[in-house]
Amino acid sequence: MDNLGYRFSFGPWNISDGADPFGPDVREPYPHEAKFALYKKLGFDGVQFHDDDVVPGLDDLTPAQIDAKTAEVAATLANEGLVPEFVAPRMWFAPQTIDGGYTANSQEDRDYAWQRTMKCIDIARAINCKAIVLWLAREGSYIRESKNAKVAYDRLLEAINRMLDYDKEIQIWIEPKPNEPTDQAYVPTIGHAIALSYASSDHARVKGLIETAHAQLAGLDASDEMGFALAHGKLGSVHLNDQNGLKYDQDKNFGSANLRSAFNQVRILEENGYGRAGEFVGLDVKTMRTQRGCPVTDHLTNSRLIFLHLVEKVRTYDRARERELIAARDYESLELYVLRHLMGVA
Ligand code: XLS
Ligand code: MG
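Right under this line is the structure:
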């Protein structure tokens with residue numbers, strides 16, 4: 002299906018072999034490098050990266066080895082006609098990040114976090130990517146008494162300012178999430194992210210990335226969260242997916258748990274010209290463990306398709322009727338119209 006003016010992205014981690022905390026892989030491993038050749042065929046133009054998706058094992062490599070690997074990935078992207086959307090420092094695997102990165106209690110661990118961040122920015126620049134995503138995985142606490150939230154927020158702001166200073170062109174997109182893997186994460190909502198942005202030394206370069214499921218885990222409406230970021234000109238990207246209630250982070254297919262909420266997310270993006278300045282529609286979806294095959298990609302193409310169908314639903318939404326019902330304050334009829342429109346009832 003035609004892209005309807007949008008560009009789509011996903012990260013290589015979205016094609017997985019099926020392991021979860023309760024069991025091992027259920028599919029043959031699909032080579033990381035082979036994933037790049039899939040993007041265009043599936044209707045995607047953008048690649049979301051963690052720093053070690055670009056340079057696997059980067060903590061153990063020399064600067065020259067890192068340079069060689071980034072050059073290779075840059076060439077692959079160029080050959081495949083793909084755009085790197087962002088690079089995110091993976092600050093949650095290494096032993097130094099067990100208690101967080103920028104907010105770790107140990108100075109040595111915080112030093113590691115900064116070294117790793119500089120490497121991540123260098124990698125991004127080397128593949129011609131100007132956005133760094135901060136998903137602040139372990140920046141939070143398992144028990145509140147283990148950290149001081151005021152100190153932690155000071156440290157986060159300091160890290161952001163250092164990044165802005167280290168590279169005068171990069172943008173930082175903060176991806177809020179309220180919990181998992183920590184019990185309580187710092188920067189749980191887009192409001193927190195945007196407050197940090199305004200407090201930073203160059204707020205025009207600090208934006209947010211909103212993931213549907215993360216907003217829902219915070220008990221918030223994802224489309225309103227997007228509206229908040231858009232109102233501040235600070236929606237760097239989105240990670241569309243879905244979530245069935247307050248559970249672990251499910252990364253279900255876009256629209257699969259709440260189609261009406263998905264419609265409202267597409268509506269706010271479409272009505273505010275999201276994507277016209279080159280922003281990507283990012284998907285962060287996980288296939289079901291039951292799915293057979295290798296590689297499994299239906300969850301990606303299906304989520305993209307649902308997005309596009311919803312764009313059509315937004316474009317065919319009867320605006321005159323909407324205005325009339327709003328003017329009459331007849332929200333009962335407006336709701337019925339929305340539901341019938343989504344169901345395809347004339
Ligand atoms: C995890 C996040 C992660 C980020 C990228 O919950 O969604 O996948 O998007 O680090
Ligand atoms: Mg995400």
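Residue 328 in my numbering sits at position 327 of the sequence shown, with consecutive numbering throughout. No residue lacks a Cβ here, since even glycine has one placed at the ideal position from N, Cα and C.
Notebook entry, point to check: From 111, 83, 32, pick the residue whose C-alpha is nearest to that of residue 96; which is it?
Noted result: 111
Checklist line | Segment limits, beta strand (DSSP E) that includes residue 208 | finding: 207-212
Next item on the list: Would you kindly work out how many angstroms separate the C-alpha atoms of residue 339 and residue 86, rounded to a whole number?
Entry: 33 Å
Margin query: If I measure Cβ to Cβ from residue 49 and keep anything under 7 Å in the same chain, skipping five residues before and after, which residues do I get?
Written below: Answer for residue 49: 10, 11, 12, 86, 87, 283, listed in chain order.
Notebook entry, point to check: Does the distance from the CB of residue 351 to the CB of residue 311 come in under 7 Å?
Noted result: Residue coverage of the chain in this structure runs from 2 to 347, which leaves residue 351 outside it and unanswerable.
Item checked: C-beta atoms of residue 174 and residue 210 nearer than 7 Å -> Taking 7 Å as the cut-off, the beta carbon of residue 174 is found closer than this to the beta carbon of residue 210.
Margin query: What ranges does the beta strand (DSSP E) occupy inside the segment 184-234, keeping only unbroken runs of at least 3 residues that lie completely in it?
Written below: 207-212
Check: Cβ-heavy atom distance between residue 240 and ligand 2 below 6 Å?
Finding: Yes; taking the cut-off as 6 Å, the Cβ of residue 240 has a heavy atom of ligand 2 nearer than that.
Checklist line | Own chain, CB closer than 7 Å to residue 217, minus 5 neighbours either side, in chain order | finding: Scanning its chain for C-beta atoms nearer than 7 Å, with the 5 sequence neighbours on each side dropped, one finds around residue 217 the residues 223, 244, in chain order.
Next item on the list: Kindly indicate which residue of 285, 266, 274 has the alpha-carbon position closest to the one of residue 254.
Entry: 285
Item checked: residue 78 versus residue 84 - alpha carbon distance -> 7 Å
Next item on the list: Report back the beta-carbon spacing between residue 187 and residue 140 to the nearest angstrom; my notes put them in contact at under 8 Å.
Entry: Indeed, because the Cβ distance is near 5 Å, the residues count as touching under 8 Å.
Next item on the list: Spatial neighbours of residue 106 within its chain, please: CB distance less than 7 Å, with the 5 preceding and 5 following residues excluded, ordered by chain position.
Entry: 100, 148
Checklist line | Endpoints, the alpha helix (DSSP H) within which residue 153 is located | finding: In the DSSP assignment, residue 153 falls within the unbroken alpha helix (DSSP H) covering 150-167.
Note to self: For residue 85, list the residues DSSP reports as bridge partners.
What the structure shows: 48
Note to self: Give me the residue from 120, 305, 197 with the minimum Cα distance to residue 62.
What the structure shows: Looking from the CA of residue 62, the closest CA among 120, 305, 197 belongs to 120.
Notebook entry, point to check: For residue 94, does the count of other Cβ atoms within 10 angstroms reach 16, so buried, or fall short, so exposed?
Noted result: Counting the other CB atoms within 10 Å of its CB gives residue 94 a total below 16, which places it among the exposed residues.
Check: Hey, quick one: how far does the alpha helix (DSSP H) through residue 334 stretch, first residue to last?
Finding: Taken as a continuous stretch (DSSP letters only), the alpha helix (DSSP H) holding residue 334 covers 332-344.
Next item on the list: Report yes if the C-beta distance between residue 71 and residue 144 is below 7 Å; otherwise report no.
Entry: No. Outside cutoff.
Notebook entry, point to check: How long is the line joining the alpha carbons of residue 39 and residue 278, rounded to whole angstroms?
Noted result: 25 Å
Checklist line | Residue nearest to residue 156 in terms of C-alpha spacing, selected from 180, 182, 102 | finding: It is 102 whose Cα lies nearest to the Cα of residue 156.
Note to self: Let's see if you can read the secondary structure: which residues bound the beta strand (DSSP E) around residue 35?
What the structure shows: Annotation for residue 35: no beta strand (DSSP E) segment contains it, and DSSP assigns it neither H nor E.
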